[in-house]
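Novice: When you line the sequence shown up against this note's numbering, it's residues 3 to 422, in that order.
Glycine included, each C-beta is placed from N, C-alpha and C at the ideal position.
My structure is below; once you've seen it, I'll send some questions.
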Amino acid sequence: MATIQSIRGTKDILPADVNKWQELENIARKVSNQFGYQEIRTPIFEKTEVFSRGVGDNTDIVNKEMYTFADRSGESLTLRPEQTASLVRSVIQNNLITENTPTRLFYIGSYFRYERPQKGRFREFHQYGIECINSPYPESDVEVILLAINFIKRLGITDYKLKLNSIGNTETRNKYKTALTDYLQQNKHNLSNESQARIETNTLRVLDSKNNNDIEIIASAPSILDYLDNESNEHFNKVKEILDIANINYEITPTLVRGLDYYSHTVFEFQSTYLGAQDAFGGGGRYNNLFSQLGGKDIPSVGFAMGIERLLLILENIKENNTQPQIDILICTTNSDYLKYATELSLFVRQNCPNIICISDVNRRSLKSLLREANKLNSRYVIIIGETEAANNTITLKYMQENKEQITINKNKLIEILTA
Ligand code: HAM
């Protein structure tokens, strides 16, 4: 009998890999707790309308990607494609709102989208995310972004882009949609079939097209930022102002609209060049109307979610490309008589070059074994101190990474080289 394989687009997380998952989840929990966020867990499946009403009937997620089925009583159920809509359902149902105080929640779980599997894209994938419920103010948008950045940094990811945009309030979007539709209709014959179909159903998503012709046409399309009304402008300006104060780098991206319908005002995405076509490893934004779409009263909120598989892919890539030296200098002596000179030299280097990692031998080892150690530590340089160097107050500097050349120089020249 043929063996049974797992479903396309799903993956077993095997014992050899589970540590990486646990480490990432531990960091997510720690950072969330430090920012005052508490964990919530909701069922893996929900009534279909949670997502059709929440995420939006005209989105790709609801239209093409949901795992929807009738259960034995004929009720339409859906495996959650994301967390925000079901979390809001739960917050309303369990009455988790306190007046004038945000409810801060985080989650880690698996989500399901019927997408074409490729690198970084799965049909079952995992997210870590947070939601700051019940705050209309730009300070909460920034809190959420700062938490995301804190998490990313603690994972060890430093090379990423934060793309930022505002899609304004409902009035802004309605006005902009009319202007964008006009523009796209005028250029319709040059757009891809997919974008042509979207002009009427999901106009903003045309801005997201990856088709090269479309991208050229979109480059001259009206910008949503020119349509922001006073309220939307004020909100966005404040978000940018606080991010600037916090020294956060971002790229204003007027074409960033995201794939879910519930957003208003701030939207953002984290992108990494390590990921190829699926370059977004996290995204989020403000959603001021989702609660009322799911039957509650309006509760302005903001949050983000990150794809755990994509984060782990980035971390793997960083590790593979990490040929960075672990240390900069190993100071060796040819004889223990010169250890005093070596100690003085290490103090001098540390004092003058605070960013240089400098280790001095303290075990009186032979030069041969120290050179082996330097290779193992991937050191950039080795400094050798022998009789001549000690007598002349010089050092011999050996380049370990490039041509393995060695030069004899004085201490000041060494600092010059190290700080160049
Ligand atoms: P999203 O952009 O649809 O947003 O998903 C967030 C992240 O989940 C993506 O950036 C990506 O890393 C990961 N992801 C999405 N689909 C897949 C897939 N098929 N395979 C692997 N990873 C995937 C949301 O889900 C919103 N609920 C985020 C949010 C929270 N907005 C406000 N609060």
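(1) For the candidate residues ASP59, PHE350, GLU311, whose alpha-carbon lies nearest to that of SER112?
(2) Say the cut is 6 angstroms; is the CB of GLN403 nearer than that to a heavy atom of the ligand HAM?
(3) Work out the CA separation of ASN251 and SER168 for me, nearest whole Å.
(4) I'd like to know whether the C-beta atoms of PHE270 and LEU166 end up nearer to each other than 7 angstroms.
(5) Measuring CB atoms only, is the stretch 128-147 touching the stretch 319-339, in the sense that at least three cross pairs come out at less than 8 angstroms?
(6) Rounding to the nearest angstrom, what Cα-Cα distance links GLY56 and SER266 in this structure?
(7) Any chance the CB of GLY278 is under 6 angstroms from a heavy atom of the ligand HAM?
(8) Can you name the start and end residues of the alpha helix (DSSP H) that GLU25 belongs to?
(9) Inspect the beta-carbon positions of GLU77 and ARG115 and report whether they are closer than 7 angstroms.
(10) My output table needs one value for ALA282: the three-state DSSP class, helix, strand or coil.
(11) Can you find at least 3 beta carbon pairs, one from the stretch 299-310 and one from the stretch 168-180, that sit closer than 8 angstroms?
(12) Out of PHE127, ILE219, SER294, which has the shortest C-alpha to C-alpha gap to ILE94?
(13) Tell me whether GLY170 sits in a helix, a strand or coil according to DSSP, three-state version.
(14) Determine contact between the stretch 384-393 and the stretch 329-342, defined as no fewer than three beta-carbon pairs at a distance below 8 angstroms.
(15) Would you say the beta carbon of GLN95 is closer than 6 angstroms to some non-hydrogen atom of the ligand HAM?
(16) Could you check whether the Cβ of ALA30 sits closer than 6 angstroms to any heavy atom belonging to the ligand HAM?
(17) For GLY1 and GLY285, which I take to be in contact (beta-carbon distance under 8 angstroms), what is that distance rounded to the nearest angstrom?
(18) What is the residue span of the beta strand (DSSP E) that VAL57 lies within?
(19) Put TYR229 into one of helix, strand or coil per three-state DSSP.
(20) With a cut-off of 8 angstroms, do at least 3 Cβ pairs link the stretch 73-89 to the stretch 31-48?
(21) Are there any heavy atoms of the ligand HAM lying less than 6 angstroms away from the beta-carbon of GLY286, as far as the coordinates show?
(22) Please state whether the Cβ-Cβ distance between PRO138 and TYR185 is less than 7 angstroms.
(23) Give every residue of the same chain whose Cβ lies closer than 7 angstroms to the Cβ of ASN102, excluding the five residues on either side of it in the sequence, and list them in chain order.
(24) Tell me the residue span of the beta strand (DSSP E) that contains GLU271.
(25) Under DSSP, the beta strand (DSSP E) around SER306 begins and ends at which residues?
(26) Looking at the structure shown, is VAL384 part of a helix, part of a strand, or coil, going by DSSP?
(27) Helix, strand or coil, according to DSSP, for ASN424 in the structure here?
(28) To the nearest angstrom, how far is the alpha carbon of SER371 from that of TYR343?
(29) I'd like to confirm something about PHE270: is its beta-carbon nearer than 6 angstroms to some heavy atom of the ligand HAM, or not?
(30) Would you decide whether ASN204 is buried or exposed? Buried here means 16 or more other CB atoms lie within 10 Å of its CB.
(31) Does the stretch 121-131 come into contact with the stretch 209-228, if we say contact requires no fewer than three beta-carbon pairs (one atom in each stretch) closer than 8 angstroms?
(32) With a CB to CB cut of under 6 angstroms and the five nearest residues on each side skipped, what residues in its chain are close to ASN189?
(33) Apart from the five residues just before and just after ASN290, which ones in its own chain have a Cβ nearer than 6 angstroms to its Cβ?
(34) Do SER381 and ILE329 count as a contact pair if the criterion is CB distance below 7 angstroms?
(35) Take the Cβ of THR174 as the centre, count every other Cβ of all protein chains shown within 10 Å, and call the residue buried at 16 or more, exposed below.
(36) Roughly how many angstroms lie between the CA atoms of THR255 and LYS212, to the nearest whole one?
Specialist: So, to answer that:
(1) With distances taken between Cα atoms, SER112 lies closest to GLU311.
(2) GLN403 Cβ: outside cutoff for every heavy atom of the ligand HAM.
(3) The alpha-carbon separation between SER168 and ASN251 amounts to approximately 16 angstroms.
(4) Their beta carbons are under 7 angstroms apart, which means PHE270 touches LEU166 by this criterion.
(5) Counting Cβ pairs under 8 angstroms, fewer than three are found: no touch.
(6) Straight-line Cα distance between these residues: approximately 13 angstroms.
(7) Not so, every heavy atom of the ligand HAM lies at least 6 angstroms from the Cβ.
(8) Residue range 17-36 is occupied by the alpha helix (DSSP H) that includes GLU25.
(9) No, these two residues do not count as a Cβ contact at 7 angstroms.
(10) The three-state reading of DSSP puts ALA282 in strand, counting E and B together.
(11) Between the stretch 299-310 and the stretch 168-180 there are fewer than three inter-stretch CB-CB distances shorter than 8 angstroms, so the stretches are not counted as touching.
(12) When only C-alpha atoms are compared, the closest one is SER294.
(13) It is coil, neither helix nor strand.
(14) Contact between the stretch 384-393 and the stretch 329-342 is present, because at least three Cβ pairs lie under 8 angstroms.
(15) GLN95: no, Cβ never under 6 angstroms from the ligand HAM.
(16) Using a cutoff of 6 angstroms, the CB of ALA30 does not count as near the ligand HAM, since none of the ligand's heavy atoms is closer than that.
(17) In the structure displayed, the chain extends from 3 to 422; residue 1 sits before or after that span and is not available.
(18) Counting along the chain, VAL57 falls outside any beta strand (DSSP E), and DSSP gives it neither H nor E.
(19) In the structure shown, TYR229 adopts helical secondary structure according to DSSP, grouped into three states.
(20) Contact holds between the stretch 73-89 and the stretch 31-48, because three or more Cβ pairs, one in each stretch, are under 8 angstroms apart.
(21) For the ligand HAM, a non-hydrogen atom lies closer than 6 angstroms to the CB of GLY286.
(22) Taking 7 angstroms as the Cβ cut-off, PRO138 and TYR185 do not qualify as a contacting pair.
(23) Once the five neighbours on either side are set aside, ASN102 has no close Cβ partner at all.
(24) Per DSSP, GLU271 is one residue of the beta strand (DSSP E) stretching across 268-273.
(25) Before going on, a small fix: residue 306 reads as Phe here, not Ser. Its beta strand (DSSP E) spans residues 303-309.
(26) Of the three classes helix, strand and coil, the one that applies to VAL384 here is strand, per DSSP.
(27) Nothing can be reported for residue 424: it is not among the residues displayed for the chain, which extend from 3 to 422.
(28) Approximately 20 angstroms between the Cα atoms of the pair.
(29) PHE270: no, Cβ never under 6 angstroms from the ligand HAM.
(30) ASN204 counts as buried, since no fewer than 16 other beta carbons sit within 10 angstroms of its beta carbon.
(31) Look at the beta carbons and you see the stretch 121-131 not touching the stretch 209-228: under three pairs across the two are nearer than 8 angstroms.
(32) Correct list, in chain order: ILE219.
(33) Exclusion of the five residues before and after ASN290 leaves SER266, PRO302 as the residues of its chain whose Cβ lies within less than 6 angstroms of its Cβ.
(34) For ILE329 and SER381, yes; Cβs fall inside 7 angstroms.
(35) THR174 counts as buried, since no fewer than 16 other beta carbons sit within 10 angstroms of its beta carbon.
(36) A straight line joining the alpha-carbon of THR255 with that of LYS212 spans about 15 angstroms.
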